[in-house]
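So in UniProt numbering, the last one in the sequence shown is 248, and the numbering has no gaps at all. From the three backbone atoms N, C-alpha and C, an ideal C-beta is built for every residue, glycine too.
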Amino acid sequence: LRARLEEDTMNLKAQLVKDKEHLRTLLEEDDKMKLREDINMKEKYLNKLKDATMKDKDIRCIEIAGLCHDIGHGPYSHLFDRLFNKAIHKKKPGTKEWEHEDVSVSMLDYMMEKNRDVKDKFIEIFKKKNVGLTMKFIQDLIKGKPSSTEEKARFYMYEIVANKRNEIDVDKMDYFARDCHGLGMKSNFDHLRFISQCRVMFLESDNPDETTIAVRDKEEYNLYELFHTRIGLFRKAYYHEVNKAIEL
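Right, here's the structure in full:
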């Protein structure tokens with residue numbers, strides 16, 4: 001994603017240089033006005049791209065969020081979630097639904113508080129004054145929910161580990177691949193190709209300053225295979241009658 005953002009930025013800069021050179025050769029005032037408007041629009045978009053650019057620190061935070069996203073799972077994974085929520089609601093009706101991401105965030109806080117080595121490494125990598133903000137950013141990445149609307153150009157980063165916009169994220173790609181391998185099931189979804197066809201785009205609707213991860217239209221069949229794999233896993237494994245009987 002960063003490489004594509006940098007490529008888009010370089011291409012736009014080159015196009016702006018050409019447009020400005022072309023502007024000098026125009027004679028008609030109407031043509032000049034149209035080209036100036038086009039140049040202004042491209043310069044605004046270039047500034048938006050700069051705001052969206054992924055830095056080395058961002059990549060490190062996304063990697064940590066990916067590694068820590070599921071540490072909050074209890075024994076037997078989602079079965080524990082359901083049993084725990086059922087027990088909590090029985091004891092305290094109306095309690096907020098418990099999600100493993102919330103526990104992942106709490107465990108990350110616990111590690112920072114109790115494990116000096118972890119805290120020292122964080123300070124070494126992210127600098128002491130930035131540790132609090134960095135930790136908040138990582139925790140928001142785990143939840144897939146930005147806590148601030150100020151940096152809309154960076155919203156796409158929250159769609160990598162836990163995509164709350166359309167549920168297509170690397171977490172699913174990872175466990176689909178592992179579960180298919182463990183169960184001897186075939187998956188035709190090509191995650192490497194899918195990722196190679198992704199790029200960062202600005203929304204055209206209500207939030208034009210907000211970014212999202214978009215994919216080429218020619219990837220529709222590959223995307224279909226992702227959901228085909230998902231329904232296959234649910235039918236043959238996750239919701240299999242023997243599995244559900246054991247859960248009961």
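DSSP beta-bridge partners for threonine 9?
DSSP lists no partner for threonine 9.
If you check the beta carbons only, do valine 200 and leucine 5 fall under 8 Å apart?
yes
Taking only runs of the alpha helix (DSSP H) that begin and end inside the region 19 to 55, which ones reach a length of at least 4 residues, in chain order?
29 to 52
Isoleucine 213 by DSSP, collapsed to three states: which one?
strand
Which residue marks the beginning of the alpha helix (DSSP H) containing valine 118, and which one marks its end?
116 to 126
If you draw a straight line from the alpha carbon of glycine 94 to that of isoleucine 88, how long is it in whole angstroms?
9 Å
Compare the Cα-Cα distances from asparagine 243 to each of His78, Met33, Asp30 and Leu16 and report the closest residue.
His78
Using CA atoms only, rank isn't needed, just tell me which of Leu192, Phe122, Glu7 and Gly72 is closest to cysteine 61.
Phe122
To which residues of the same chain is serine 187 closer than 6 Å at the C-beta, ignoring the five residues directly before and after it?
Cys180 and Thr229
Is lysine 44 buried or exposed, if buried means 16 or more other CB atoms sit within 10 Å of its CB?
exposed
Hey, is histidine 240 close to the ligand MN, as in C-beta under 7 Å from one of its heavy atoms?
For the ligand MN, the structure offers nothing, since it holds no ligand at all.
Neighbourhood of lysine 164 by C-beta distance below 7 Å, restricted to the same chain and skipping five residues each side
Gly144 and Lys145
Sequence-distant residues of its chain with Cβ nearer than 6 Å to glycine 74 (five each side left out)
Phe80
For the alpha helix (DSSP H) that contains valine 131, what are its first and last residues?
131 to 143
Could you check how far apart the C-beta atoms of isoleucine 138 and glutamate 101 are, in whole angstroms? I think they sit under 8 Å.
Contact doesn't hold; Cβ gap of about 12 Å is too wide.
How is the alpha helix (DSSP H) around valine 170 delimited, first residue to last?
170 to 183
So if DSSP puts cysteine 198 in a beta bridge, which residue, or which two residues, is it bridged to?
Val215
Given that a residue counts as buried once 16 or more other Cβ atoms are within 10 Å of its Cβ, and exposed if not, what is glutamate 159?
buried
Determine the direct distance from the alpha carbon of arginine 116 to that of glycine 182, and round the result to whole angstroms.
36 Å
Closest to valine 103 by CA distance: which of Asp171, Ile231 and Cys68 is it?
Cys68
So what does DSSP say about glutamate 220, is it helix, strand or coil?
helix
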